[in-house]
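Chains as they are written, first to last, in this note's numbering: chain Y, 1466 to 1834; chain B, 635 to 967.
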Amino acid sequence: MADARKLPFWVDNILLPTLNVLAAFLVSGIVIWALGNDPFEALSLLVQGAFGYQEAVGYTFYYATNFIFTGLAVSVAYHAGLFNIGGEGQAMLGGLGLTLGVFLVGGSSPLLAVIFGILGAALFGALWAFVPALLQAKRGAHIVITTIMFNFIASSLLAYLLVGPLKRPGGQMPESADFPDGVGLLQLHDLLGMVGIDYENSPMNISFLIALLCAAGVGFLLWRTRFGFELRVAGQNAGAARFAGVSVSRMTVMAMMLAGALAGMMGLNELLGEQHRLVNGFTQGAGFVGIAVAFMGRNKPVGIVLAAILFGALYQGGAELSFDMPDIQREAIVMIQGLVILFAGAMEHLFRTPVRNLYGRLVKKGAAA
Amino acid sequence: MKNFFGRAVIGFAASAVIAFAAAAADFTPVVLYDVGGKFDKSFNEAAHVGAEAFKKETGGEYRDFEPTNETQYEQALKRFARRNADLVIAVGVGYSVAVRKVAEEFPNVKFTIIDGNVDLPNVQSITFKENEGSFLVGMIAAMKTETGQIGFIGGMDIPLIRRFEEGYRQGANYVRSDLSFIENYVGTTASAWNDPIKAAELAKSQYARGVDIIFAAAGPSGLGVIQAAKDKDRLTIGVDSNQNHVAPGHVLTSMLKRVDLAVQAAMTDAKNGTWKAGHRVMGLAEGGVDYAVDENNAALITAEMKTRLDEARAKIVSGEIVVDDAEGANSAH
């Protein structure tokens, strides 16, 4: 980072992420080979399972939708200099808000119920992020610690509500009653069917488009408005921001609430789009995957969307792989996904220095010639 | 960039079409386990054994899937229903709501659910009278205990597991009325099935309070109870599969729940075209539940005990003894 020599766009945004993913696949391949399977066959099954046919693509984008929301949630906070590990908890509370919003309106007006659900999701997610943000801004309690702890509180709260007051009458599992009939988001295959395009049945729904709109909105807000500029200044140099008259604590709270609202909207896809009820643990770790997605996407909206699609493909392709290669247990799939997160998220700078040196040498040589 | 992705997608799509056209249209049922996982040495493993028996006997193939959490139940059901699977077997009461929703959405796909009762024309529900089998192992515990205190550890606290406890208590009280019971549940969410550490701690605490035999109806968490019995040199009773071999000498017996027979029968019937929707109950009379005796515990179960057990079994089968049940144990609301 200290080296100011700038790499061209394609090296930074395409070559480096590709190298990271390839490194992850290389390690996974060795493990799969050690387990006694053909790594190339496994890889082709994974790719085919993720993009091979319409339904697979639908599933990939369905998973990607979750990761766009949570990736944006990490990214917005990051631009304000905050490391938001609380996406998981914010998404859970968002799901709770969504469910309460839906049941508040009931089945008499499905459209209104959906709107209340969406507002509830954003509101509850934002409120869940508000408390750690306020503690950070006013008392200096570190946001990493507080948001992690808030994940545990959220998960316990949800489990408590779903085995208690919100439990489905007569049910045995921790889940709420079904949403009233007709309360849900339009499925993509229905939407395409309306315009006469036949598309295989998949859980992809219009919340993917809402996620893209959110990504565009975040891009506009951060780079095209005064608020976004102030937010990024507060994140990059709090002292300078204060000197310029920007309230850093206000920016901290605003950024975190925005992040919480985005994470909370994940429920649109999972609950309004597919499950049509609140299920314990519906977030499935998407809040944590969002961290890897945000860093792999270089904290830029376009990058986040692409990284989310990559992770969606890994989730979908991984599930297909475990169907087709029974020897590869679910734990092995989790390991492959973990390796990609490790290489793309935590060790994203592994290849940066060698690539930069190599590129610098090549450029110099080119200039000398 | 967009171009690259577009081209890649088209390329993959082309290769997939070829691969799928090559797949044969053989009868391939699907087994979906619950979060305990295929090799839990208990409930899910029994289903796996049944599927393997189907494979061995008919030479047919099957596919299976282990979800990592309960959110995946509905996803997995839909995934296979969308592909018109020949038969989808959902193993576990946790699937009931999801099966009802997905079966309504896909009326042409056949579903078999174990432990849940879903009343739809394309769903076969198989439930067990766990209380009857638990009655017998309760008797065994009562005849064997030296301290007069016996314990029960349930996995997730739901009516289905309460049914095991009801039968166990009633069976023990049938032998002697001066027993005291201690019962614990590992948790209230599905993660309770997968927490052997906590189950072992609960077992150790029960043993410390004077319990000498614990019946664990807790799926994979039950392995923690068996470990605790081994560590503390006490006795435990296994569940669903025959768990006598897990710690020979410390597993008094196992309450067998023949999920394997149910799964194998559903698959074979579907293959032969004799599969029928509806509700099937498997109790002692139908051979659906029992207690296990093998070389690992033969020394622990005396002939005298067996005589009394056989008497009680006959009375339950004839209806002379009606074992209490927990309300709503197979409900699928």
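For glycine and all other residues, C-beta sits at the position ideal for the given N, C-alpha and C.
Predicted model only: the values in this text are computed from it and were never measured.
At which residues does the beta strand (DSSP E) containing Gln783 (chain B) begin and terminate? Its beta strand (DSSP E) spans residues Gln783 to Met790.
Quick check on Asn703 (chain B) - is its C-beta less than 7 Å from some C-beta in chain Y? Answer yes: the Cβ-Cβ gap between Asn703 (chain B) and chain Y drops below 7 Å somewhere.
Who pairs with Lys891 (chain B) in a beta bridge, going by DSSP? DSSP lists B:Val923 as the bridge partner or partners of Lys891 (chain B).
Coil, strand or helix - Ala946 (chain B) by DSSP: Here Ala946 (chain B) sits in helix by DSSP.
Using a beta-carbon distance below 7 Å, is Val1648 (chain Y) in contact with chain B? Answer no: the Cβ-Cβ gap between Val1648 (chain Y) and chain B never drops below 7 Å.
Contact under 7 Å by Cβ, Gly785 (chain B) with Trp827 (chain B): No, they are not a contact pair.
Rounded C-alpha distance that separates Ile1479 (chain Y) from Gly1755 (chain Y): Straight-line measurement puts the Cα of Gly1755 (chain Y) at about 19 Å from the Cα of Ile1479 (chain Y).
Nearest to Ile816 (chain B) by alpha carbon, out of B:Ala824, B:Glu799 and B:Ala963? Ranking B:Ala824, B:Glu799 and B:Ala963 by Cα distance to Ile816 (chain B) puts B:Glu799 first.
Using the Cα positions of Val664 (chain B) and Asp698 (chain B), report the straight-line distance between them to the nearest angstrom. Straight across, the Cα-Cα distance linking Val664 (chain B) with Asp698 (chain B) is about 5 Å.
Gly617 (chain B) by DSSP, collapsed to three states: which one? This structure leaves residue 617 (chain B) out entirely; chain B is present only between 635 and 967.
Rounded to the nearest angstrom, what separates Leu1622 (chain Y) and Leu934 (chain B) at their Cα positions? Using only the alpha carbons, I get a separation of about 45 Å.
On the premise that Leu1743 (chain Y) lies in contact with Leu1627 (chain Y), defined as a C-beta separation below 8 Å, what is that separation, rounded to the nearest angstrom? Contact flag correct, Cβ pair sits at about 7 Å.
Go to Gly872 (chain B), then tell me how far its beta strand (DSSP E) extends in each direction, as first and last residue. Gly872 (chain B) -> beta strand (DSSP E) spans Leu869 to Asp874.
Quick check: what's the CA-CA separation for Gly921 (chain B) versus Gly801 (chain B)? Cα to Cα, Gly921 (chain B) sits roughly 17 Å from Gly801 (chain B).
Count the other C-beta atoms from every protein chain shown that fall within 10 angstroms of the C-beta of Gly728 (chain B), then say buried if there are 16 or more, exposed otherwise. So Gly728 (chain B) ends up on the buried side.
Name the chain B residues whose beta carbon is nearer than 9 Å to that of Glu1553 (chain Y)? Here the premise fails: no neighbours, minimum Cβ distance about 13 Å.
Mind checking Glu738 (chain B): buried by the 16 CB within 10 Å criterion, or exposed? Around the beta carbon of Glu738 (chain B), a 10 Å sphere encloses fewer than 16 other beta carbons of the protein chains shown; the residue is thus reported as exposed.
How many Å lie between Gly1554 (chain Y) and Gly1752 (chain Y) at the Cα? Cα-Cα distance, rounded: 8 Å.
Inter-residue Cα distance where the pair is Gly772 (chain B) and Arg803 (chain B): Looking at the two C-alpha atoms, the distance is approximately 6 Å.
Can we say the region 1557-1571 of chain Y touches the region 1718-1734 of chain Y, given the rule of at least three CB pairs closer than 8 Å? Yes: the two stretches touch, three or more of their Cβ pairs being nearer than 8 Å.
Does the region 1516-1527 of chain Y touch the region 1765-1778 of chain Y, meaning 3 or more C-beta pairs lie closer than 8 Å? Yes: the two stretches touch, three or more of their Cβ pairs being nearer than 8 Å.
Please tell me whether Val722 (chain B) and Phe745 (chain B) are closer than 7 Å, where the distance is taken between their beta carbons. Yes, the Cβ-Cβ distance between Val722 (chain B) and Phe745 (chain B) is below 7 Å.
Only counting the same chain, and skipping five residues up and downstream in sequence, which positions put a Cβ closer than 6 Å to that of Pro613 (chain B)? Shown here, chain B extends from 635 to 967; a query on residue 613 (chain B) therefore has no answer.
Suppose you measure from the CA of Lys1632 (chain Y) to the CA of Met1669 (chain Y); what does that come to, to the nearest Å? Going from the Cα of Lys1632 (chain Y) to the Cα of Met1669 (chain Y) covers about 27 Å.
Expressed to the nearest angstrom, what Euclidean distance is found between the alpha-carbon atoms of Val1567 (chain Y) and Val1609 (chain Y)? In this structure, the straight-line span from the alpha carbon of Val1567 (chain Y) to that of Val1609 (chain Y) is close to 32 Å.
Establish whether the CB of Ala1624 (chain Y) and some CB of chain B are separated by less than 7 Å. Look at Ala1624 (chain Y): its C-beta is under 7 Å from a C-beta on chain B.
Alpha carbon to alpha carbon, how far is Phe1595 (chain Y) from Thr1612 (chain Y)? C-alpha separation (whole angstroms): 10 Å.
Is the beta carbon of Gly1582 (chain Y) closer than 7 Å to that of Leu1723 (chain Y)? In this structure, the beta-carbon distance from Leu1723 (chain Y) to Gly1582 (chain Y) does not fall below 7 Å.
Whose C-alpha, out of B:Ser811, B:Ile792 and B:Ile747, is nearest the C-alpha of Pro1639 (chain Y)? Per the Cα distances, B:Ile792.
Please report the distance separating the alpha-carbon of Gly1647 (chain Y) from that of Leu1656 (chain Y). For Gly1647 (chain Y) and Leu1656 (chain Y), the distance between alpha carbons rounds to 15 Å.
Which residues of chain Y have a Cβ atom closer than 9 Å to the Cβ of Thr823 (chain B), listed in chain order? Those within 9 Å of Thr823 (chain B) in chain Y are Ala1624, Leu1627, Val1628, Met1638, Pro1639, Asn1745 and Gly1746.
Kindly indicate the opening and closing residues of the beta strand (DSSP E) around Ala911 (chain B). Segment: none, Ala911 (chain B) is in no beta strand (DSSP E) and carries neither H nor E.
Quick check: the region 685-695 of chain B against the region 888-903 of chain B, are at least 3 beta-carbon pairs closer than 8 Å? The count of Cβ pairs closer than 8 Å, one atom from the region 888-903 of chain B and one from the region 685-695 of chain B, reaches three, so the stretches are in contact.
Taking the CB atoms as reference points, tell me whether Ala715 (chain B) and Val736 (chain B) lie closer together than 7 Å. It is a contact, given that the beta carbons lie within the stated cut-off.
Inspect the CB distances between the region 907-916 of chain B and the region 754-763 of chain B and report whether three or more fall short of 8 Å. A contact between stretches requires three or more CB pairs, one per stretch, nearer than 8 Å, and the region 907-916 of chain B meets this requirement with the region 754-763 of chain B.
At a cut of 8 Å, does the region 1582-1591 of chain Y reach the region 1760-1774 of chain Y through at least three beta carbon pairs? With the cut-off at 8 Å, the region 1582-1591 of chain Y and the region 1760-1774 of chain Y do not touch.
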